[in-house]
Amino acid sequence: MENLLEVKDVTKIYPGGVVANYKVKFTVREGEIHALVGENGAGKSTLMKMLFGFEDMTEGEFFFKGKKVHFTSSKDAIENGIGMVHQHFMLVPSFTVSENLTLGSEENFLKVFINEKKCRQATLEIADKYGFSIDVDKKVRDISVGMKQKLEILKVLYRGAKLIILDEPTAVLTPQETKELFEQLLILKSMKYTIIFISHKLDEVKYLCDRLTILKQGRSMGTYDVDQLTQLEISELMVGREIQFNYEKPEQQYGEAVLAVKDIKYVDKFGIDKLKGVSFKLREGEILGLAGVEGNGQSEVISIITGELKQDHGSVFAFNEDITNLKIADRREKGLANVPEDRMEDGCAQTLSVMDNLVTINIHHFIKHKMILDFKKMRTYAKELIKNFDILCKNEDQEIKRLSGGNIQKTIVAREFSLEKPILIINQPTRGIDVGSIEFIHKKILEKRHNGDSILLSSADLGELMALSDRILVFFKGEIVANIADVKHISEAELGLYMLGLKRDENSVLEGVSYAG
Amino acid sequence: MLDKLKNKIDTYSLLRVFCAILIAYTCTIIIIFTFSKVPFTAMYKFFLGPFTSKRNFFNVVETAIPLLFAGLALNVIQKGGLTNLIADGALYMGAVIASVAAISLSLPKGIHAAVAIAMASLVGGLITLIPAIIKKFTGAWEMVVAIMLNTVFFYVGQYIINSKYLDEVAGYASYKFAKTSKLGHLISGTQMHYGFIIVIIVFILVYILMEKTLFGYDLKIVGVNMRYAKNAGINVFKVVMLSQFIGGCIAGMGGAVEVLGIYDRFLWVNQVSFVWDAILINILAGEKTANIPLTAFFFSFIRVGAGIMSRGTDLDQEIVAIIQAIIIFLVSAERFMYTYKIKREQKAALMEKDRILTQQQTEVL
Amino acid sequence: MEFLANPTFWFAVIRSMTPVLLTAMGASIARKAGLVNLSHEGVMLVSALAGVMGSAYTGSLLAGMICGVFFAVAIELLMAYFTLILKSDIVITGVAINLAAAGGTVFVMYSAIQDRGVSAKLYSLSYPTVELPFIKEIPFLGQILSGHNILTYMAFLMIIVVYIFIYKTTYGKKIRAVGQSPEAAASVGINVVKVQTVAFFLCGIFVAFGGMFLSMGYMTMFTANMTAGRGFIALAATNMAGGNPLGAFAGAFVYGFSYSLANYLQNANIFPLEAIMAFPYLFIVLVYALFSWFDRRRNKESQPF
Numbered sequence: 000m001e002n003l004l005e006v007k008d009v010t011k012i013y014p015g016g017v018v019a020n021y022k023v024k025f026t027v028r029e030g031e032i033h034a035l036v037g038e039n040g041a042g043k044s045t046l047m048k049m050l051f052g053f054e055d056m057t058e059g060e061f062f063f064k065g066k067k068v069h070f071t072s073s074k075d076a077i078e079n080g081i082g083m084v085h086q087h088f089m090l091v092p093s094f095t096v097s098e099n100l101t102l103g104s105e106e107n108f109l110k111v112f113i114n115e116k117k118c119r120q121a122t123l124e125i126a127d128k129y130g131f132s133i134d135v136d137k138k139v140r141d142i143s144v145g146m147k148q149k150l151e152i153l154k155v156l157y158r159g160a161k162l163i164i165l166d167e168p169t170a171v172l173t174p175q176e177t178k179e180l181f182e183q184l185l186i187l188k189s190m191k192y193t194i195i196f197i198s199h200k201l202d203e204v205k206y207l208c209d210r211l212t213i214l215k216q217g218r219s220m221g222t223y224d225v226d227q228l229t230q231l232e233i234s235e236l237m238v239g240r241e242i243q244f245n246y247e248k249p250e251q252q253y254g255e256a257v258l259a260v261k262d263i264k265y266v267d268k269f270g271i272d273k274l275k276g277v278s279f280k281l282r283e284g285e286i287l288g289l290a291g292v293e294g295n296g297q298s299e300v301i302s303i304i305t306g307e308l309k310q311d312h313g314s315v316f317a318f319n320e321d322i323t324n325l326k327i328a329d330r331r332e333k334g335l336a337n338v339p340e341d342r343m344e345d346g347c348a349q350t351l352s353v354m355d356n357l358v359t360i361n362i363h364h365f366i367k368h369k370m371i372l373d374f375k376k377m378r379t380y381a382k383e384l385i386k387n388f389d390i391l392c393k394n395e396d397q398e399i400k401r402l403s404g405g406n407i408q409k410t411i412v413a414r415e416f417s418l419e420k421p422i423l424i425i426n427q428p429t430r431g432i433d434v435g436s437i438e439f440i441h442k443k444i445l446e447k448r449h450n451g452d453s454i455l456l457s458s459a460d461l462g463e464l465m466a467l468s469d470r471i472l473v474f475f476k477g478e479i480v481a482n483i484a485d486v487k488h489i490s491e492a493e494l495g496l497y498m499l500g501l502k503r504d505e506n507s508v509l510e511g512v513s514y515a516g
Numbered sequence: 000m001l002d003k004l005k006n007k008i009d010t011y012s013l014l015r016v017f018c019a020i021l022i023a024y025t026c027t028i029i030i031i032f033t034f035s036k037v038p039f040t041a042m043y044k045f046f047l048g049p050f051t052s053k054r055n056f057f058n059v060v061e062t063a064i065p066l067l068f069a070g071l072a073l074n075v076i077q078k079g080g081l082t083n084l085i086a087d088g089a090l091y092m093g094a095v096i097a098s099v100a101a102i103s104l105s106l107p108k109g110i111h112a113a114v115a116i117a118m119a120s121l122v123g124g125l126i127t128l129i130p131a132i133i134k135k136f137t138g139a140w141e142m143v144v145a146i147m148l149n150t151v152f153f154y155v156g157q158y159i160i161n162s163k164y165l166d167e168v169a170g171y172a173s174y175k176f177a178k179t180s181k182l183g184h185l186i187s188g189t190q191m192h193y194g195f196i197i198v199i200i201v202f203i204l205v206y207i208l209m210e211k212t213l214f215g216y217d218l219k220i221v222g223v224n225m226r227y228a229k230n231a232g233i234n235v236f237k238v239v240m241l242s243q244f245i246g247g248c249i250a251g252m253g254g255a256v257e258v259l260g261i262y263d264r265f266l267w268v269n270q271v272s273f274v275w276d277a278i279l280i281n282i283l284a285g286e287k288t289a290n291i292p293l294t295a296f297f298f299s300f301i302r303v304g305a306g307i308m309s310r311g312t313d314l315d316q317e318i319v320a321i322i323q324a325i326i327i328f329l330v331s332a333e334r335f336m337y338t339y340k341i342k343r344e345q346k347a348a349l350m351e352k353d354r355i356l357t358q359q360q361t362e363v364l
Numbered sequence: 000m001e002f003l004a005n006p007t008f009w010f011a012v013i014r015s016m017t018p019v020l021l022t023a024m025g026a027s028i029a030r031k032a033g034l035v036n037l038s039h040e041g042v043m044l045v046s047a048l049a050g051v052m053g054s055a056y057t058g059s060l061l062a063g064m065i066c067g068v069f070f071a072v073a074i075e076l077l078m079a080y081f082t083l084i085l086k087s088d089i090v091i092t093g094v095a096i097n098l099a100a101a102g103g104t105v106f107v108m109y110s111a112i113q114d115r116g117v118s119a120k121l122y123s124l125s126y127p128t129v130e131l132p133f134i135k136e137i138p139f140l141g142q143i144l145s146g147h148n149i150l151t152y153m154a155f156l157m158i159i160v161v162y163i164f165i166y167k168t169t170y171g172k173k174i175r176a177v178g179q180s181p182e183a184a185a186s187v188g189i190n191v192v193k194v195q196t197v198a199f200f201l202c203g204i205f206v207a208f209g210g211m212f213l214s215m216g217y218m219t220m221f222t223a224n225m226t227a228g229r230g231f232i233a234l235a236a237t238n239m240a241g242g243n244p245l246g247a248f249a250g251a252f253v254y255g256f257s258y259s260l261a262n263y264l265q266n267a268n269i270f271p272l273e274a275i276m277a278f279p280y281l282f283i284v285l286v287y288a289l290f291s292w293f294d295r296r297r298n299k300e301s302q303p304f
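Residue numbers (numbering that gives the first Met the number 0), protein chains in the order written: chain A, 0 to 516; chain B, 0 to 364; chain C, 0 to 304.
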């Protein structure tokens, strides 16, 4: 079997210095299903964007069917036989399935008028040919996610793709739809199509794929036969940081529960069961870590606690008060501080100054004469925070988006940590930032703990989680499968087993809900 | 000190505006030379006309007053994130309500005008809420709704005046306003009225509101990133609605002041078009409240200059429209002078890239 | 209510809806391509004057027509360049064009004939009216349908043509795809900028005729600001229907009906004149709001703020 696609030393550096890919190198054989794994931000999407010409390469080459290629658009790529199914569907919502399929290459009369009947027929034929069952006449906005995806695959097949790239295809599918998708992909494989399967769901990769390439922080960690590695080993290669965190954590007396969630259930807008009855408590003075492969419910439970999402069932208590129906503003008043996952979208106002971003949640402290803001006080406050949190910026008036990721995050942390007696809800605090900032933020988190404040920490970085947390809850498919009270003595390997659903500890979970408060 | 100033003034934007105006002026000169038999007179009258007499100079100020009101109104409205162009409807109805108050109430001088203006503002504010509410509950685009409603309110205003306050004897106009309601003349020999004082005060208040108050801060955050605002606990709905109401009040006030200051009767038989000018005024001001008086006066200046030119030469004053359009085209084209900005950034990026590549290589080794 | 039985009334309805209908056809194409084109008011004015001046100075109706279309299309392409290539804000650009056109047309007219109100001094040609054989014999209907300006007949024909173009041709489908989901279009190789430019171009042609009808159809002169908001009505009627030409036709009809009604009811005392004049605008707002509400429910979107 020859190499269908060869990726050779592909590098991408964005202006501003962010390294998205560095000398990535692997090959894909004809007729195989090849997985590309890596956590969020590892560079998988950027790599594909470069292949399709959406982004320019800084360095490197792509070879397809043995020839060097440089595609300038997705049309270019498709005409040469490579098609991609994106995470966000590229479909016209008010068009029917067959209209979407035939877009741009319709069967027609006299080159001008669309022959709808023939279009329908062509759609039915191609669906048949590959064994896909789709409803040809339904409008795309009315069909299920699973069917949208099938449509996207058919789209590329219709246009003659031989290599199909699927970007996180099962992220939005129900288990049943996933099963159907896999059946379809195996059929395609038997018809000698080649598939690249981008995913971080290791159980699926193990089931479906022949070989895999691991990307970590923009670099390739090697290509392996799927049978060569266990899921754990793959996970370690995906996630492990070079830096080991080792912090002195003084003994701590934990108080009563300051935060409690009871039996939270949540089904998302795609109809997928994201939380199946989650309960836990956060004690005073404790750092409670939420571990789990992304997509197993941790983000949703955090959004429900902060008030961004509304749960379908269950309740949330803060300091013994029921905050289940409170709006975000009211929850903040009760003491909830939030360092969000998407720092640019939810965590700051990009074009405003550092000072503006530092005072948003306690702006009321700076009011004099009922409505007027005391800018002098604000400035002093901002300067102090900048100093205390080592925020590198020209001055407090600089636009926050000009700062490096680490400094932006420190600004957000500075803001949220300055709430009095807070319950700190922190989600992926150190993703994509420099080492110095990471350590600084960790230090601040531990300071808060020492101070008696309580922290809920969700992170995909196991090293971080294990170094900071007093206790860890492991999420798997919308449930908490373990409550690890002895973080010091558990190994990453064992933690991994829980995370992959290979082990459960119901008793510990029950313990985790038994605290007072 | 210079650093602080540098921080506040965005030199790149300033350069762009300056270049745009320069280009527009150059085009104007070309047009003048093309179309006029007396180009030098035309140029003199256009560029310097307003300075040639007391009357002309204050004409610039008078003309600027409603522009300033409209510009400020739209500034506040747009900061709420909505393209709610109903300022014309609000302004017109403000003028109508103030006229009605001027005709039908009898109050002592000063208070009469104050009451009329207050009523006009309230009506203006309420009117401006309408497209925003419709947007919130139906998702209908406020811009289209507002443009349509401007005409609807024009006819509502016309109906009010025509049905009860029309003075048959005076041609098409309403009854005279009571003397007690008018805004007196500030400077003899001109049409300058106390509305000027009012608009300055309004500007200062709006500036303070936008830049120095809690509301202004919240509005700023909402305008930049609504998700972040929600996340931080800001009541986005309240802030947006308030911004629309306040903007509408300013517009209503503008209509009232204009009518009570300059006229004796209500005689606006055509729809007003201040909101379109207000859009241009805001763009040129870079959406910054502090710059609005400057740009409003600038537009007023070129308008009056064009008027003086047209009265003294063979050119029509509407040349102003072309200048305005050129300036706006250039200023709002992001890519205008973009290459200048890009070159600066690219250079920085290239240096950064080299640094990182070498760093990566040494790391790997 | 007797006027409803008067064929002259309905004739007037058809006549007064023509410019809005023509412009709305262009607006529909632009809207379907996802363009927020506010410039119709201005482009109508420009083509109205250009047609008049073109035909007056050359003595040829054809030349006048070409002139009108040329300038309209030129402005639309200018807009395309500024918004699609230079990334200007399309709303601001549209507003600027309207302002420039309102003033610019008066300026040019004044420079040419030293009159800033009407172009009566220019001997403009006009588009011919047409008597429809056979149809004109039909009682009542014949008086309504026959004797219109050729542009009126063209306008109605265009409803069908534009409808077929948008919904039944391959290019129309491209336009719709670009308007709803540019990523989807790009993913199959459609050049989004090119398609949108073509949409601007086609829009210009229709709007040109909408404008020329005003100055060369019913009347034969250009008057300052003669569009009187018709460009915006066309825009709103188009939006109301989401760009569907049939919906735009309905909006244009409501406008024509109210406009003629206002003329007829000048002396009657049933409704105040102002209410009638305001009616089409209010009607469009209500229908638009209603449709948007339905749309939102159907797409299960959440409230904007």
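All C-beta atoms in this analysis are idealised placements derived from N, C-alpha and C, irrespective of residue type, glycine included.
Since the model is a prediction, treat every value here as computed from it, not as a measurement.
Between the beta-carbon of residue i and the beta-carbon of residue j, is there less than 8 Å?
i              : j              : result
L165 (chain A) : I197 (chain A) : yes
V268 (chain B) : F68 (chain B)  : no
I263 (chain A) : G334 (chain A) : no
A459 (chain A) : Q427 (chain A) : yes
L71 (chain B)  : I249 (chain B) : yes
K476 (chain A) : G511 (chain A) : no
V177 (chain C) : Q195 (chain C) : yes
M52 (chain C)  : L121 (chain C) : yes
H193 (chain A) : E29 (chain A)  : One detail in the question is off: residue 193 (chain A) reads as Thr in this sequence, not His. Cβ atoms of T193 (chain A) and E29 (chain A): closer than 8 Å.
Whose C-alpha, out of the options, is nearest the C-alpha of residue i?
i              : options                     : result
V284 (chain C) : B:Y206, B:I261, B:F152      : B:F152
A86 (chain B)  : B:N161, B:A131, B:K219      : B:A131
G431 (chain A) : A:K280, A:V6, A:D452, A:A41 : A:A41
L236 (chain A) : A:G37, A:K22, A:K487        : A:G37
L76 (chain C)  : C:S59, C:A29, C:F133        : C:A29
Q230 (chain A) : A:D202, A:N107, A:E398      : A:D202
Among all the DSSP beta bridges, which residues are the ones paired with residue i?
i              : result
N482 (chain A) : A:L472
Y265 (chain A) : A:L274
N337 (chain A) : A:I424
S458 (chain A) : None, per the DSSP bridge assignment.
Report, in whole angstroms, the separation of the C-beta atoms of residue i and residue j, which I expect to be a contact under 8 Å.
i              : j              : result
H33 (chain A)  : I195 (chain A) : 5 Å
K280 (chain A) : A317 (chain A) : So it is not a contact: roughly 11 Å between Cβ atoms.
I280 (chain B) : T294 (chain B) : 5 Å
A183 (chain C) : V91 (chain A)  : 5 Å
Just to check, is the beta-carbon of residue i closer than 7 Å to a non-hydrogen atom of the ligand MN?
i              : result
G221 (chain A) : Absence of the ligand MN from the depicted structure is noted, as is the absence of any ligand whatsoever, leaving it without description.
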